[in-house]
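Protein chains in written order, with our numbering: chain A, 1007 to 1254; chain B, 53 to 816; chain C, 23 to 373. The beta-carbon is built from N, C-alpha and C at its ideal position, and this holds for glycine as well. Here is the structure we will look at, set down as structure tokens.
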Amino acid sequence: MKPAAFEHTAPAELNDALKLLAQPGAKPLSGGQSLSPMMNLRLVRPTTLVDIKRLPGLRGVMATAEHIRFGAATTHAEIEDGIVPDPTNGLMPHVAHGIAYRAVRNRGTLGGSLAHADPAADWPSVMAALGATIITSTSRRIPAEGFILAPFTTALTPGEIILAVEVPRLPPGARWGYCKINRKIGEFAKAIGIAIETPRRLLAGAVEGPPVLLEKLDDIPTRLPHLDAAAQRLAGIAVQRAIAMMES
Amino acid sequence: MKQGVGAPITRKEDDRFLRGRGKYVGDIQLAGMREVAFLRSPVAHGLIRAVRAPQGAMVFTMADLTGVLPIRAPSALPGFRRTDQWPLAQTRVRQVGEPIAMVVAGSRAEAEDILDAITLDIEELPAATDMLAHRAGPPIHEGWPDNVVLQALVDDDISDVQAPIIIRRRLRTARQHMAPLEGRGVVARWDSRLNQLEMHTSSQMVHVTKTGLAECLGLPESAVRIISPDVGGGFGYKGILLQEEVAIGWLARKLGGTPLRWIEDRREGLSAQANCREHHYDITVHADRDGTILALDCEAHVDSGAYSAYPFSACLEAAQIGSILPGPYVVPRYRCKTWSVATNKPPILPYRGVARTGVCYALETTLDAVARAAGISPVELRLRNLPGPEQMPYLNVTKKIFDSGDYPEALRRAAEAVDAPGFAARQKAAREEGRLIGQGFAVFCEQGAHGTSVYHGWGIPFVPGAEPCQARLTPDGGLELRVGVHSHGQGMETTLAQVAHEILGVPVDRVQLIHGDTALTPYSTGTWGSRCAVMAGGAVAEACMELRRRLIPMGAHLLQDKDAVFADGAVRAGAASVTVAEIARTFHRAPQNLTEAMQAQGLECTVGHKTVRDTGTFSYACHAVEAEVDAATGHVTLTRYVIVEDGGVLLNPLIADGQVLGGTAQGIGTALFEEMPYDTGGQPLASTLADYMLPGASDVPDIEILHMETPSPISRFGQKGIGESGAIGPPAAIVNAINDAIAHLGREVTDLPATPERVLAALA
Amino acid sequence: MIEITVNGEARRVEAPARTHLADVLREHCGLTGTHLGCEQGVCGACTVMVNGVPTRSCLLYAHEAAGMEVTTIEGLDEDPVAEALRAAFSKHHALQCGYCTPGMMMTARDIVTRLGAVDEDRIRDELAGNLCRCTGYRGIVRAIAEVAATRPAAAPLPKREVPLTPPPAPLAAPAATASADLPNRLTHSETLALSPDAAWAILSDPARIAACVPGMTLLRHEGEAVEGEFSVILGPFSARFAGAGTLTLDAGSRTGRLRGQGRDGANGAEGEVEWHLTPDGAGTTLQVELGWRLTGPLAQFSRPALLRGMVAALAGDFARNLERAARGEAPAARPGLWSLIRAWFRGLFAR
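Okay, here's the thing in structure tokens:
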């Protein structure tokens, strides 16, 4: 299938982009690796695509002693290859390597993935586990945990876009574990488990809803009540394996 | 380097593909070409109340297609119920995706815009989606009492069999989609000079398509030319006459010259086009205490979908189950009842392996249960029941003639390769570490290249006869071969050239294979049934032999020695010789040097080939698998995969391996990944490749192949058909390995594919 | 009009914005070596180099690619790495029908140049995004390994295996299967800080019920018959569709049931929501049960778990709005889930 007709705009300045995005039917386009398949199936039909991936401020990184701020248009491949610094002792490159396929990683972006808000994607869970902060075009700072309200639904208001993601540095030597349960490379995850040693964080990500931070493994039934028993069990396995990986 | 039969030379066709210079249907650009798209039914069963097209759009429904007949693929088997598959639905739709209207626009995107603008008023009816529950009805076809397309019985009353071991299993294989990387596609125009429809279509069988299309369009066959260029994978998916081909053929003729193109996209392919493989078995094996099979009893259902697809018909799959369920084994007593059931799903088509994959799965997994009951190893059980080499040719219980081979030896070699005797110790050690590992085997045979005597009994729209080849020596000493089969990955541009080289000594790179065009090639049923190496290979050999018979007297005449003989690409008399190229040049450009009779005879001939007996070659194989089951997630990892394959004499071992490896990857898909689910309303639930999962490189292990080469006594070089073989064994071998891994828990997987969910359900 | 460099040549192409790069190459530049296998980013047949890195040309719209440098399979004729790969692919019989081959060559070249000498496991992992239906991959993997071995190895990816954990206790019995009528079902319960009677007062008034369903407008209500419009937006999706239904209320058991269906063009949806109130201490437990059935492209876009997640959030919104309504507050007008579903349906049903 071919997409329904739309206009493509690539404004040079953020303010121009935001003006365009305020129009009805406008939709921001970053890497397009999740949006384009849906557009090609005509499941999504924006009237205008506002190409934001080359906007000043959405590219590049800024490092401080406490955190690294990634431009929203940082690609998965740049994270995988260490072209941008890694504040997470290898967690982010490890995760990036496991996203879809290399050709998709070359174009797909960190901010785009978060804004798309597919709970089966990696970054929503990872950013929530890392305690990252999402910085938006209205200068809001939104904690990654709670950013996704429901599948495909975020705390962003209409016309608001992600400019950057601020990821706190893990202490040197702090260990982590990551487990994504899927049958095939590139398949949508059925469950995601993340364990971080310091600061101690446990997270269960699942396809049916937003990722959830846990105090302990046993929290899953109460913290993820919307999942059926089998999905809860799978989430538990993912977290358990992430812990085992962290401790190995 | 040797180039003839048996030489593992690299393929002639590779270079164009490696440079992106292949030419597929979608690559054809004709001036003024317009794009066609189809409005398809969103419901599985319904009555069309109205189709309202937007003003000014080119939209056609069946009411416009005057004089066009439905696609009919009946069988002459008693009781078969015929279906009419209209190119565009008349009033009733019977599957999601059934074409309802055809639109034309300047681009595909614009054509889809028109589809969006059409208002379709359709009244949904209850859908028949389960072949067991809906066998009795309500009927989806007018005038039928139920949904049974055909019921068949291999009737041996086995009630007197007294067996100490009786194992019964109910097993199901999933509905699948063949999913070649390239979908279907058509580029067509009416050639007003030749008064002929010229249709490029991605097809395995151009001549059969031409016959079927001419019938539906009411045209003489001379008014239809079908061209199938490079084809991006077939596997059975392209062995069917499409409704779209008929509809576009009609429109091309009506427009009188405007070229039309329709390229199936992945969503159309997955949600609307033919499927395969959905079987249900209720199978019982009766065995003696030592595991000797005493009788086999089965009731099997095949979900045939809504229509009987042309030309193989809706009954082929079930009829095959009845005839091949006993597999490679000595089965003294046999009863089998089969039903082909019509449902509100796309028609079922023979996919690589056809019913053999399901049959092998049903029998081999049940036999493992027999082995467990008998307390012997799966290898031992099979060795007790396979016919020995001394029994060849072996006439089995369903009158199949296994032509040659040593079946037990294939199993022994596989068992040795995977250290079957030592596996129990490894399995025990793994269990102590908390790991579940298992070993599984499957032995099967594959009838290929079977012909007239097998097919005429089914009374389906085509019956293969002698396979033809036209051979022509050109003035420069090159050889042109014209065949009615089609090569779409099988490497026939290379292997058939090797056959020609074997007979005539013409270098492989001077042999050109012309195929895939009804105007240029002799009539053939095309590429299906693992027949090309045997049938087209034999035909090329016969045609080249005929040329050789003509070349020898010409050479002898030129050498002035009546005792001259043919050897190594030349006619020779002592030290003197005249090459094939020289004779060809003489014939075409200096005929005065030959006799009048030789000039009349020429260096071009068409010869038909049949095997010594047309009951088919029987290749056979043993697949041996080791798998690890993750008891927490249900994931299965294949850790070892060994195949012992006997394909008789291999025309090109490199290419034969490729066929086995590719088939095996597809079989792994059947075993673990591929499933086309439908909801109770008949909605297909996998419309993208993210939902319908094909095995990727990391899902397929490094497969090892060991060869045996027992010549077939019935084929030209002793070669056997093996094109489908790889796809037959994997589900049986893999599920046997899974069941072995969890046998100590008393659990078994019964349904395909063995997804994590199914493995967990078995463990629960 | 866009300008794009293809195989070293500056091209000016006139193509609508919705044309993806693969179609620009195939239909406008005559470079048909780039194949389309799915247009969903999964199969990899359309992979080309964009600014030197492998890219899905079906997922990049031509206007995004303006100014970029594109290399297609036809542009690798003289490339020495591709030359070595071609020889190795042929030697190892790494292609059959040839349809996946151009995309496979792009990925193979990327593996060889980016990673150098790597083992076969890593090659299989890197090839996961290029599907081949013919070869079973063995020849492809061996061919790439052979060429890669002639090049220096890049720094290996740190290998982090997930260790095995002991299998947990067996699963609970699977949930009851969905009814054939509405195959997808979901229940949601919420505790309301309201008495059952107060809650029922709201939940038995059609206008107020409709007001609690964000995006729903009640157009007509006569006896049990209702007609309304339902608009939703969910992230990228949006839609609006009109339908008719039946509202039944049973004050005795404090149970209400709204069943409706909407059709537009070729697509349809059918749904049912049932709510039931039971006393719970001072408050009330609200149990909402949803059932739905879809026909058409949405039904066939198989992410059932995802759809369940969306509907669960809808049920939650509904219940929370009930509570707000009971407190005399207006329903939350958040552009969340309901707006996503509106978007989704607009695409499918609004013709």
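Close Cβ partners of residue i (< 7 Å) along its chain, the five nearest in sequence each way excluded
i, result
"C/Ile166", "Ala130, Ile133, Val134 and Ile145"
"C/Leu240", "Pro228, Ala229, Ala232, Val248 and Gly250"
"A/Pro1043", "none"
"B/Arg68", "Gly74"
Where residue i sits in the DSSP three-state scheme
i, result
"B/Thr62", "coil"
"B/Ser280", "coil"
"B/Tyr575", "coil"
"B/Asn437", "helix"
"B/Met154", "strand"
"B/Cys268", "helix"
"B/Leu173", "Looking at the sequence provided, one finds Asp at residue 173 of chain B rather than Leu. The answer is strand: DSSP assigns B/Asp173 an E or B state."
"C/Trp314", "strand"
"B/Val632", "helix"
"B/Ala128", "coil"
"B/Val57", "coil"
"B/Arg583", "coil"
"C/Trp297", "strand"
"C/Glu100", "coil"
"C/Ala191", "For C/Ala191, the predicted structure reports a pLDDT of 49, less than 50, and the residue's modelled location is therefore unreliable. The matter cannot be settled from this model."
Cβ distance (whole Å) where residue i is taken to contact residue j below 8 Å
i, j, result
"B/Arg277", "B/Glu250", "5 Å"
"B/Ala105", "B/Asp173", "12 Å between Cβ atoms; not a contact."
"C/Arg136", "A/Val1110", "C/Arg136 to A/Val1110, Cβ: 15 Å. No contact."
"B/Ile707", "B/Thr546", "7 Å"
"B/Gly72", "B/Val145", "With 8 Å as the limit, B/Gly72 and B/Val145 do not qualify as a contact, their Cβ atoms being about 39 Å apart."
Close Cβ partners of residue i (< 6 Å) along its chain, the five nearest in sequence each way excluded
i, result
"B/Val694", "Ala466, Ala469, Val470, Ala676 and Glu756"
"C/Arg279", "Thr270 and Glu296"
"B/Phe769", "Val57 and Val701"
"A/Thr1228", "none"
"A/Ala1083", "Arg1111 and Asn1112"
Among the options, nearest to residue i - alpha-carbon criterion
i, options, result
"A/Trp985", "A/Pro1227, A/Val1218, A/Glu1253 and A/Glu1013", "Because chain A is modelled from 1007 through 1254, residue 985 of chain A falls outside the range shown and cannot be assessed."
"B/Ala426", "B/Gly379, B/Gly405 and B/Arg341", "B/Arg341"
"B/Pro272", "B/Gly288, B/Ile279 and B/Gln248", "B/Gln248"
"B/Tyr413", "B/Cys388, B/Tyr333, B/Ala477 and B/Ala673", "B/Tyr333"
"C/Ala87", "C/Ala335, C/Val103, C/Asp45 and C/Ala229", "C/Asp45"
"B/Met444", "B/Ser456, B/Lys451 and B/Val431", "B/Ser456"
"C/Asp141", "C/Gln283, C/Arg173, C/Lys113 and C/Ala32", "C/Arg173"
"A/Met1251", "A/Arg1108, A/Ile1058 and A/Leu1097", "A/Leu1097"
"A/Lys1222", "A/Ser1119, A/Ala1079 and A/Gly1199", "A/Gly1199"
"C/Ala335", "A/Ile1148, A/Asn1188, A/Ala1121 and A/Leu1230", "A/Leu1230"
"B/Asp282", "B/Pro763, B/Ala157, B/Gly734 and B/His538", "B/His538"
Own chain residues within Cβ distance below 8 Å of residue i, not counting five before or after
i, result
"C/Ala197", "Residue placement at C/Ala197 is flagged as unreliable, the pLDDT there being 40, under the threshold of 50; the coordinate-derived value follows with that caveat. Result list for C/Ala197: empty, nothing under 8 Å."
"C/Ala191", "Because the pLDDT of C/Ala191 is 49, which lies under 50, any placement of that residue in the model is unreliable, and the number read from its coordinates should be weighed accordingly. Closer than 8 Å at Cβ, skipping near neighbours: no residue."
"A/Ala1235", "none"
"B/Ala793", "Gln479, Leu488, Ile489, Gly490, Ala679, Glu680 and Val681"
* Quick check: the region 769-780 of chain B against the region 488-506 of chain B, are there 3 or more CB pairs under 8 Å? -> yes
* Asked: With a cut-off of 8 Å, do at least 3 Cβ pairs link the region 712-724 of chain B to the region 520-531 of chain B?
  -> no
* Asked: Is it true that the region 397-413 of chain B meets the region 435-446 of chain B, where meeting means three or more beta-carbon pairs spaced less than 8 Å apart?
  -> no
* To do: Would you check if there are 3 or more beta carbon pairs closer than 8 Å linking the region 277-293 of chain B to the region 250-265 of chain B?
  => These segments touch.
* To do: Give a yes or no on contact between the region 90-101 of chain C and the region 25-37 of chain C, applying the rule of three or more CB pairs nearer than 8 Å.
  => yes
* Take every Cβ of the region 150-169 of chain C, pair it with every Cβ of the region 745-762 of chain B, and state whether three or more of those distances are shorter than 8 Å. => Yes, the region 150-169 of chain C is in contact with the region 745-762 of chain B.
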